[in-house]
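Here's the structure we're looking at; comments come further down.
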Amino acid sequence: MRQSFSVGIGGAAGQGVATPGDIFAKIFSRRGLHLNAYNAYQSIIRGGHTFLTIRTGPDKIATIDGKIDLLIPLNQDTMDRHLGLLGVGAACLYNAETIKPGTPAEGVQMCPIPVSKLADISKNKVAQNTLAIGAGLSMMGVGFAALEEVLTEQFRRKGQAVIDENVSIARAGYDYASQNFKPFAWPLPMTENRYAVLSGNAAMAMGGAAAGVKFYCAYPMSPSTGVLHWMAEHARKAQIMVRQVEDEIGVINMAIGAAHAGVRSMCATSGGGFALMSEGLGLSAQAEIPVVVIDCQRAGPSTGVPTKTEQGDLWQMLGAAFGDYPRVIAAPLDIGDCFTLMAEMFNITDRFQCPGIVLCDLLLSEGRLSVDPEVLNFNPTIDRGELITSNGTADHEPYKRYKITESGVSPRVIPGVPGHTHTVSSDEHDEDGVLISDEYTNTTKRRAMMEKRMRKVQGIEASVPPPEIVGPANADVTLIGWGSTYAVIDEACELLREAGITANHLPIRWLVPLHGDAIVKLLKNAKKTIIVENNFSGQFARYLRSETSFVADGHIRKYDGEPLFPHHIVNAVKEQLAGNTTLSVPVHEINV
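Given below as structure tokens:
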């Protein structure tokens, strides 16, 4: 079992839940520990309920598991909702003057803090937060110097007086806990490892920058807005033109325009915004202009639950725009992969001059993960494909932008290169771009051009590796997931093996192309197959069946807006192996 420690911090929006989370994350990371953080919050500016969970440890931690070792409730609501999550050895740090403790489970240490005696709350409204941070780190066995260093960095912009005030308050909480509360049985360890802590949005933005993106545009829409924030903050240094556009229709058309001009271009949105982009995506396909669109899925339909996670946009991506055209769709497996995938996606879309979709979700977009810096290759291989950037020689054949080739890929030119004048439009055309409807809709040319474009599909399939099974062969159960379910299935397989059930895992990263024949070959000898998804209808199960006729033995589906935990999968697998059901819908224990 992976050794880990989880901190849960809850309160109303506006109570400062994020700052303690940032401080804990920095300290855990600097101790060389893995960490994963997930914030369950409501779609309002103030009020509501926010619950941030940070799980850390020396072993690989890539998901939260629903267990809380230290609860810090900043209001009564959080105490009432979450105290029941604490078990033997856990502790709850709370403001003794404003919060009434509930009845904890046996073995839970209740730690009341006399806030007004330790800090001047008339001057510092969030003193309880800082006191709790100090007290919690004291109980974890972390030296105060580490906290003082992070607080100095956190409040540097506010001046030395604010730094000194917060260090003093944190020291009071630290010392009070040392004298009055029992430390945790497992002191937080320290290793020599060093990790970067990234959100998925930041990782995708950084990955795009590393891949050579020079134009980024977006209309803010959670949970994709973090990509825009990163791009805007680093635009000058990274030499990227960044634009916030009036709507998603303008976004996709502006991104395509920039890509047509020759630069790598990218935009990001969520399902509702992508719906507006759909027609424009068809322009990218028809004009054979490569562009990359990030879709950060949230719970739908319509506005749905805008601050909750889901994998409900797969069929929207598969059916985006109308007509047949080559495209590439991939779902990053974790936050590190959010970075790595971007260069791969841009290389493929450039080589095959087609649109590419990165299908992320809120769990990764707004979650945070410790990432090995070696994963972050800021000098990836760049392949721009058949891109003509200069005239070359004066003696050349007339330029045909959509020349019919065996591969389906035609020479692409940056507009303005002498001798390469051509027409680009959203209409069907012949080899030099002239609209076929201008000559009585030439059926022969239409068929030839459609076949030319679709021949790219073979090349795309050859460029993308097929999936592989992770874990022992001949396992009792094979779990199939796509995108962000990777980490939770990986840990569930480990827990199942400890329970005497051998399990392996088939993670799907590339959705188009799917490599259906390879998937069926991998699964044909599996004893029992179960598909795991964060949606109601089993969208990937339906997609896999439509492409291959493969039908899984069972399904695990969660669609309440919160992510799967490893024990959800473990319990569901046991339930299905016992023959009790073929569809498990886990119930989320954390009352958010």
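Position one of the sequence shown corresponds to residue 1012 (the working numbering), numbered consecutively onward. Glycine included, C-beta positions come from ideal geometry on N, C-alpha and C.
Residue i, DSSP secondary structure in three states
i     : result
K1225 : strand
E1321 : coil
V1001 : Residue 1001 lies beyond the range of the chain shown here (1012 to 1603); nothing can be said about it.
L1085 : coil
N1358 : helix
V1316 : strand
C1365 : coil
M1353 : helix
V1499 : helix
V1428 : coil
W1197 : coil
H1599 : coil
G1068 : strand
E1160 : helix
A1207 : strand
R1275 : strand
Q1544 : The identity of residue 1544 in the sequence shown is Glu, whereas the question assumes Gln. DSSP places E1544 in strand when its eight states are reduced to three.
A1332 : coil
F1016 : strand
I1002 : Residue 1002 is absent from the model: the chain starts at 1012 and stops at 1603.
A1342 : coil
N1135 : coil
H1605 : In the structure as shown, the chain begins at 1012 and stops at 1603. Residue 1605 is therefore absent and cannot be evaluated.
L1615 : Since the displayed the chain opens at 1012 and closes at 1603, residue 1615 lies outside it and no answer follows.
I1079 : strand
V1481 : strand
Spatial distance of residue i from residue j (CA atoms)
i     : j     : result
K1193 : Q1120 : 8 angstroms
G1058 : G1572 : 19 angstroms
A1270 : V1302 : 6 angstroms
G1068 : G1043 : 9 angstroms
G1527 : V1562 : 12 angstroms
G1419 : R1464 : 5 angstroms
E1397 : Y1336 : 19 angstroms
G1154 : Y1206 : 20 angstroms
A1246 : K1535 : 49 angstroms
D1088 : Y1052 : 14 angstroms
R1457 : K1569 : 45 angstroms
Q1250 : A1220 : 9 angstroms
S1017 : F1166 : 25 angstroms
S1235 : A1157 : 33 angstroms
P1325 : M1232 : One point to set straight first is that residue 1325 is Leu, not Pro, in the sequence displayed. So the alpha carbons of these two residues sit roughly 18 angstroms apart.
I1447 : Q1364 : 21 angstroms
I1144 : E1164 : 15 angstroms
G1019 : W1197 : 17 angstroms
S1495 : E1586 : 23 angstroms
L1490 : V1256 : 41 angstroms
H1516 : G1347 : 19 angstroms
I1512 : I1072 : 22 angstroms
Bridge-paired residues (DSSP) for residue i
i     : result
Y1105 : P1123
I1255 : Going by the sequence as given, residue 1255 is Gln instead of Ile. Paired residue(s): A1229.
G1021 : F1062, P1084
C1371 : C1307
G1565 : I1541
H1440 : L1446
I1399 : V1424
V1099 : Looking at the DSSP assignment, V1099 forms no beta bridge with any residue, so it has no partner.
S1381 : V1208
N1582 : None, per the DSSP bridge assignment.
W1493 : I1519
N1536 : N1536 is not bridged to any residue.
H1045 : G1068
N1050 : L1063
V1488 : A1514
Exposure of residue i, with buried meaning 16 or more beta-carbon neighbours within 10 Å
i     : result
N1591 : exposed
T1360 : buried
M1012 : exposed
I1340 : buried
N1047 : buried
F1576 : buried
Q1026 : buried
L1594 : exposed
N1191 : exposed
A1473 : exposed
K1037 : buried
I1381 : The question names Ile, yet the displayed sequence has Ser at residue 1381. It is buried - the Cβ of S1381 has at least 16 other Cβ atoms within 10 Å.
Residue i Cβ short of 7 angstroms to the ligand GTP heavy atom set
i     : result
I1132 : By its list of ligands, the structure shown contains no ligand whatsoever, and the ligand GTP lies outside what it can speak to.
Problem - Whole runs of the beta strand (DSSP E) within the segment 1277-1318, excluding any shorter than 3 residues - result: Every beta strand (DSSP E) stretch that sits fully inside the segment 1277-1318 and reaches 3 residues is listed by chain position as 1302-1308.
> Enumerated in chain order, which unbroken segments of the alpha helix (DSSP H) with a length of 4 residues or greater are wholly contained in the segment 1162-1192?
Replying inline: If you keep only unbroken alpha helix (DSSP H) runs of at least 4 residues inside the segment 1162-1192, you get 1171-1191.
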